[in-house]
Amino acid sequence: MAAVEEELTAGTSRLSTKEKIERGVTLKVEGNEYFKKKDYRDAMKSYHKALLHVKGLIDRPFVFGLDSAGRDISEEDKEKIYQVQFSCYNNLAACLLKDNRWDRTIHYCNEALKIQPSNAKALFRRGQAYFHLNDLEKAERDLKAAEELEPEELSRCFLPTDLADTSKVGCPISTKKLTMKQEFLTTAEELYAALTEQQVSEEKIVMLWRFKSWPEGHHSTVKITLDQKDDRTELTLVQTGIPEEDFERTK
Numbered sequence: 001m002a003a004v005e006e007e008l009t010a011g012t013s014r015l016s017t018k019e020k021i022e023r024g025v026t027l028k029v030e031g032n033e034y035f036k037k038k039d040y041r042d043a044m045k046s047y048h049k050a051l052l053h054v055k056g057l058i059d060r061p062f063v064f065g066l067d068s069a070g071r072d073i074s075e076e077d078k079e080k081i082y083q084v085q086f087s088c089y090n091n092l093a094a095c096l097l098k099d100n101r102w103d104r105t106i107h108y109c110n111e112a113l114k115i116q117p118s119n120a121k122a123l124f125r126r127g128q129a130y131f132h133l134n135d136l137e138k139a140e141r142d143l144k145a146a147e148e149l150e151p152e153e154l155s156r157c158f159l160p161t162d163l164a165d166t167s168k169v170g171c172p173i174s175t176k177k178l179t180m181k182q183e184f185l186t187t188a189e190e191l192y193a194a195l196t197e198q199q200v201s202e203e204k205i206v207m208l209w210r211f212k213s214w215p216e217g218h219h220s221t222v223k224i225t226l227d228q229k230d231d232r233t234e235l236t237l238v239q240t241g242i243p244e245e246d247f248e249r250t251k
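Under UniProt numbering, the residue at position 234 of the sequence shown is numbered 234, and the numbers go up by one with no gaps.
Given below as structure tokens:
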């Protein structure tokens, strides 16, 4: 990683300030496209590259208006730099949160909040990370601050009323229901035996199921019902709670 950073830094040194800013903006947009596709690894690479391109252009944001070489930077260019930095830090935190890397999530949230101290998303993500690290005091502080800043947006999220319990922190997602039927030339008892060895009712099987990529704590419920008709058995599978974006691959 250090070698890659050194190579990129050497390459950017040949660019003008405006070229570095433009390249940073382009890489940030590229990272956003990867993020939309759930390609978090490549998204993070693009965000890191974007940050390297604008690194050092402003030594002290909001105080000095000079780049690292002492040249004046326009207000428009300063705003572009701040936006690249903030977006990349905040989106890196989002990527790391999905990967359960709580400490790194907090680090990048801190960087984002240095630029926008009252950003609800950065506060909410940092609060989630603190919650998973069992730092409940800091988690409560950040989650409540985020909710106060954007009550309408975060009212959809379920925040634990008592952070000492085992409640989950997150937002509800849109889900769909899947129903499938298949007829088998066998008895319900024989079909059930082929599906499970548990000593429960031989007419219904219920289980929880999830993709690893789904939000933590979210499961789909799968219910299999066997209906014997003479020498045939109709199997009906009903699966509820499937996130809309994963409905097709679930089928």
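Note that beta-carbon positions come from the ideal geometry of N, C-alpha and C, so glycine has one too.
Burial state of residue i, where buried means 16 or more other Cβ atoms lie within 10 Å
i: arginine 23; result: buried
i: valine 84; result: buried
i: threonine 240; result: exposed
i: phenylalanine 62; result: Confidence in phenylalanine 62 is poor, its pLDDT being 42 and thus under 50, which makes the residue's placement too unreliable to answer from.
i: aspartate 142; result: buried
i: asparagine 134; result: exposed
i: glycine 56; result: exposed
i: serine 74; result: exposed
i: arginine 41; result: exposed
i: lysine 38; result: exposed
Boundaries (first-last residue) of the beta strand (DSSP E) holding residue i
i: glutamine 116; result: Per DSSP, glutamine 116 belongs to no beta strand (DSSP E) and is neither H nor E.
Simplified DSSP state of residue i, which is helix, strand or coil
i: aspartate 99; result: coil
i: lysine 223; result: strand
i: isoleucine 58; result: coil
i: lysine 37; result: coil
i: glutamate 248; result: helix
i: arginine 14; result: coil
i: lysine 20; result: helix
Given residue i as reference, the closest of the options once Cα atoms are compared
i: leucine 15; options: Val54, Phe131, Asp39; result: Val54
i: valine 25; options: Ala146, Glu111, Asp77; result: Asp77
i: glutamate 148; options: Leu136, Glu137, Phe124; result: Phe124
Run of the alpha helix (DSSP H) containing residue i, from where it starts to where it stops
i: glutamate 150; result: Taken as a continuous stretch (DSSP letters only), glutamate 150 belongs to no alpha helix (DSSP H), as it is neither H nor E.
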